[in-house]
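All remarks here apply to the structure that follows.
2 protein chains.
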Amino acid sequence: MKTEDELRDLQMLQYRIKSFSAGKLIYGPHEPHGFVYNIVSGWLAISHDLLDGQRQISQFLTKGALFGFRPEGLVTNGQSAVALDEVTVCAMPAANLSVLLNSHPKLNRRLVWMMGRESLITENRLAFVGQTSALTRIANLFMELTVMATRKLVHVVGSKVRLPLTQSQIADATGLTAIHVNRMLRKLREDRVLDFHDGVLTLMNPDALKTLAQLGEEIGDAWVID
Amino acid sequence: MKTEDELRDLQMLQYRIKSFSAGKLIYGPHEPHGFVYNIVSGWLAISHDLLDGQRQISQFLTKGALFGFRPEGLVTNGQSAVALDEVTVCAMPAANLSVLLNSHPKLNRRLVWMMGRESLITENRLAFVGQTSALTRIANLFMELTVMATRKLVHVVGSKVRLPLTQSQIADATGLTAIHVNRMLRKLREDRVLDFHDGVLTLMNPDALKTLAQLGEEIGDAWVID
DNA sequence: CGTGTGTTTGACATACCTCAAAGTCTGTGG
DNA sequence: CCACAGACTTTGAGGTATGTCAAACACACG
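Residue numbers (numbering that gives the first Met the number 0), protein chains in the order written: chain A, 0 to 225; chain B, 0 to 225.
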């Protein structure tokens, strides 16, 4: 396909750049939003609200991730996207995107890859939430987020990674209470594995963390975009 | 597209029909299988093995479901598919399918729909495993499986549904121990909500079950195929 | 007739939750 | 500049849902 065609098609997407500050909803649990989003910068969380007000975070996303897409006929039930820090996204109407999927195999492959990535990440979190201890869940989450942020496994002792999370959000992702997360973070600090406060993770012992997180050898493919 | 063309393309898929008896692996956690499967009949479970031998079932699948597909560049880590009863599947090499995706929008849409469905189901289970009590998780699982089996919500008191599961598999799906699942099933029986044994679920009080399961109004879209 | 897999039950242990309270920090309005 | 409210964190005491260990039973299978 020629460049001018791609440009014309890109225009057809009618995308708009939007920014959200920390805590703001990008889309809520009840409105069918009708957009597909691409993250330009910042972090956000996809969360699912249950009837009694409980909240589960299924994924954290950052630059390069595509989100908000659902195939026709599937309602995105109780799902919302919330900004963790200052987030800017590129929003395009889902209908416009659907039209282009058929004619643009590359775009289609990208979408399919993103959906596969989403599944892998969610399945991984499900396995850890269902089967492992609080300490392991938290360790695994930090490994995931560190790889997402730096795009590689970090081995250097003392490395610092900015992760704009509250303990309460860690709790919502791991299926724990914020209070228990706090106790586990204290233990990780006392055991000199890691230190997390004010949105900065310090890896005091990356190897110990990797062991705690029960990571296999080849994991991490899905955590890195591109 | 003309019928003879579709037939020719179908042949290009080089699919094969295979059968598996209860307990047999359709694919294991370490082999990259390279196939995409379509279920002709029977039930199977997708499970994820952790390093220490723990197992989490992320989905149960039955007739019409597509599974085993992963986009290139994403390793399906530690994932396996195991037959729950006598299962027959249609297996086709993933490479052949990929070629057809570009030229067959309908096939592509079907695949995307199935991936979206997979995500929704997994996210739903994650939310319940992470946030709700043992009783609610089990109730929710039974609702899901009943809708999958009958393709509708069941209201009739005393309805019976065949679900070829062991208590141990319910435990692996809900993040509980088989022993605790057994206790909860006893409670559900004593409370005259449902009775489950020998692979048959009897709905003694469908409304109470629905309440326990914390189901929203419009849930269930993703549970029904077609 | 043994062996294995699944179920059932009891006694006990514990990881995690709940409730309560105080501390820190930020932003806001007087 | 101070007072106050609101988010987030921290810690303690005590409760409970769920796990662990142990044993017996039922049933299918070879």
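All C-beta atoms, glycine included, are put in the ideal place defined by N, C-alpha and C.
Start and end residues, beta strand (DSSP E) containing residue i
i: Arg-15 of chain A; result: 15-19
i: Ile-194 of chain B; result: Per the sequence shown, residue 194 of chain B should be read as Asp rather than Ile. Here the beta strand (DSSP E) through Asp-194 of chain B covers 193-196.
i: Ala-44 of chain B; result: 43-48
i: Pro-205 of chain B; result: Not the beta strand (DSSP E): Pro-205 of chain B falls in the alpha helix (DSSP H), residues 205-211.
i: Gln-78 of chain A; result: 78-82
i: Thr-201 of chain B; result: 199-202
i: Ile-56 of chain B; result: 54-60
i: Ala-90 of chain A; result: 86-92
i: Ile-38 of chain A; result: 34-40
i: Ile-25 of chain B; result: 24-26
i: Arg-161 of chain A; result: 158-161
Residue range of the alpha helix (DSSP H) that includes residue i
i: Ile-178 of chain B; result: 177-189
i: Thr-121 of chain B; result: 104-130
i: Phe-141 of chain A; result: 133-149
i: Thr-173 of chain A; result: 166-173
is_contact[residue i, chain B] using C-beta, thresh 8 angstroms
i: Trp-112 of chain A; result: yes
i: Ala-126 of chain A; result: yes
i: Asn-181 of chain A; result: no
i: Val-98 of chain A; result: no
i: Gly-198 of chain A; result: no
i: Asn-95 of chain A; result: no
i: Arg-150 of chain A; result: no
i: Glu-143 of chain A; result: no
i: Asp-51 of chain A; result: yes
i: Gln-166 of chain A; result: no
i: His-29 of chain A; result: no
i: Asp-206 of chain A; result: no
i: Gly-67 of chain A; result: no
i: Pro-104 of chain A; result: yes
i: Asp-220 of chain A; result: yes
i: Gly-157 of chain A; result: no
i: Thr-121 of chain A; result: yes
i: Gln-213 of chain A; result: yes
Alpha-carbon to alpha-carbon, residue j and residue i
i: Tyr-36 of chain B; j: Leu-106 of chain B; result: 14 angstroms
i: Gly-157 of chain A; j: Gly-77 of chain B; result: 31 angstroms
i: Gln-168 of chain A; j: Pro-205 of chain B; result: 35 angstroms
i: Leu-202 of chain B; j: Lys-209 of chain B; result: 11 angstroms
i: Pro-31 of chain A; j: Asn-181 of chain B; result: 40 angstroms
i: Val-223 of chain B; j: Val-88 of chain B; result: 18 angstroms
i: Arg-116 of chain A; j: Arg-109 of chain A; result: 10 angstroms
i: Ser-79 of chain B; j: Gln-10 of chain A; result: 43 angstroms
i: Met-142 of chain A; j: Phe-59 of chain A; result: 12 angstroms
i: Ala-133 of chain B; j: Gln-166 of chain B; result: 13 angstroms
i: Leu-49 of chain B; j: Lys-23 of chain A; result: 35 angstroms
i: Lys-151 of chain A; j: Val-160 of chain A; result: 12 angstroms
i: Lys-17 of chain B; j: Val-39 of chain B; result: 10 angstroms
i: Gly-215 of chain B; j: Arg-136 of chain B; result: 14 angstroms
i: Gln-213 of chain B; j: Val-155 of chain A; result: 46 angstroms
i: Tyr-26 of chain B; j: Ile-45 of chain A; result: 31 angstroms
i: Thr-61 of chain A; j: Phe-19 of chain B; result: 41 angstroms
i: Ala-177 of chain B; j: Thr-131 of chain A; result: 16 angstroms
i: His-47 of chain A; j: Pro-28 of chain A; result: 8 angstroms
i: Val-86 of chain B; j: Leu-83 of chain A; result: 45 angstroms
i: Leu-175 of chain A; j: Gly-129 of chain B; result: 8 angstroms
i: Phe-195 of chain A; j: Met-183 of chain A; result: 11 angstroms
i: Gly-219 of chain A; j: Val-81 of chain B; result: 25 angstroms
Whole-Å CB distance - residue i paired with residue j, under 8 angstroms assumed
i: Val-192 of chain A; j: Leu-211 of chain A; result: 7 angstroms
i: Ala-221 of chain B; j: Leu-73 of chain A; result: 6 angstroms
i: Pro-70 of chain A; j: Val-146 of chain B; result: With 8 angstroms as the limit, Pro-70 of chain A and Val-146 of chain B do not qualify as a contact, their Cβ atoms being about 19 angstroms apart.
i: Phe-34 of chain A; j: Met-91 of chain A; result: 7 angstroms
i: Ala-93 of chain A; j: Phe-68 of chain A; result: 7 angstroms
i: Leu-144 of chain A; j: Leu-119 of chain A; result: Between Leu-119 of chain A and Leu-144 of chain A the Cβ distance is about 15 angstroms, and since that is not below 8 angstroms, they are no contact.
i: Leu-140 of chain A; j: Thr-173 of chain A; result: 6 angstroms
i: Thr-121 of chain B; j: Thr-75 of chain A; result: Wrong, their Cβ atoms sit about 13 angstroms apart, outside the cutoff.
Chain A contact for residue i (CB, 8 angstroms cutoff)
i: Arg-116 of chain B; result: yes
i: His-32 of chain B; result: no
i: Asn-37 of chain B; result: no
i: Thr-176 of chain B; result: no
i: Val-74 of chain B; result: yes
i: Ser-132 of chain B; result: no
i: His-154 of chain B; result: no
i: Ser-79 of chain B; result: no
i: Pro-92 of chain B; result: no
Are the stretch 85-103 of chain A and the stretch 173-193 of chain A touching by the rule of at least three beta carbon pairs closer than 8 angstroms? In short, these stretches do not touch, since the Cβ pair count stays below three.
The stretch 45-65 of chain B in contact with the stretch 123-130 of chain A per 3-pair CB rule at 8 angstroms: yes
Contact between the stretch 91-99 of chain B and the stretch 10-23 of chain B: three or more CB pairs below 8 angstroms? yes
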